[in-house]
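Be aware that the sequence shown starts at 1, since it is given in our numbering, and climbs by one per residue.
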Amino acid sequence: MKRSDMMSDMMKAINLISIAFGAIAGTYARYLLNLSLLYTGYPIGTVIENLLGSFILGLLTGFFVWKKPKEWIKLGLGVGVCGGFTTYSTFAGDVISLTQHHLFWGAIYVIVSLVGGILLALAGYLCGEAAGGNLVKVHEVK
């Protein structure tokens, strides 16, 4: 095996480990958030997770436009943490459950989740890009 192939395999392993540990952290945070909001009787935890996760992923994406991290950091935070924290399957199940009992609240849930997620991802991206760009400018001045 060539040295370059061994390095490539090692980087793939590091990326996978980073994603796995990030997913553990994101999933655990999602679980704790849901536990703390069960008393509401409404799937507000899933809404918060998906909206916050959209903002954080947008923030990271915008920040990484300027600040180029190692691939394992990018994957661990984005794919791992954000992927483990957010949940499309629970969102889909919640929509089915809500619309069977309260069509209006099911529709509100979908609109808030989809439109809010997109808007927060954009807001996060713009914040991350601004923060990353400002960091680059600070380093250029010195």
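Glycine included, every Cβ here is placed at the ideal spot set by N, Cα and C.
Open item on the list: Within a Cβ cutoff of 7 Å, which residues of the same chain sit near Asn-34, ignoring the five residues on either side of it in sequence?
Closed with: Gly-45
Task: Rounded separation between Gly-106 and Val-95 - CA only - done: 6 Å
Task: From Gly-58, Leu-77, Trp-72, Cys-82, residue whose alpha carbon lies closest to that of Glu-49 - done: Cys-82
Task: Inter-stretch contact (C-beta, 8 Å, three-pair minimum) for the segment 55–67 and the segment 15–33 - done: no
TODO: Please list, in chain order, all residues of the same chain as Leu-77 whose beta carbon is under 7 Å from its beta carbon, the five residues on each side excluded.
DONE: Gly-22, Leu-60
Task: Neighbourhood of Leu-98 by C-beta distance below 6 Å, restricted to the same chain and skipping five residues each side - done: Trp-105, Gly-106, Tyr-109
Task: Own chain residues within Cβ distance below 6 Å of Thr-90, not counting five before or after - done: Thr-46
Open item on the list: Quick test of your reading: Gly-116 and Leu-57, contact by CB under 8 Å. State the CB separation rounded to the nearest angstrom.
Closed with: The pair is not a contact, with the Cβ atoms about 14 Å apart (cut-off 8 Å).
Task: Span separating the alpha-carbon of Gly-41 from that of Ala-25 - done: 25 Å
Open item on the list: Spatial neighbours of Leu-75 within its chain, please: C-beta separation below 6 Å, excluding the five flanking residues on both sides.
Closed with: Asn-15, Ser-18, Ile-19
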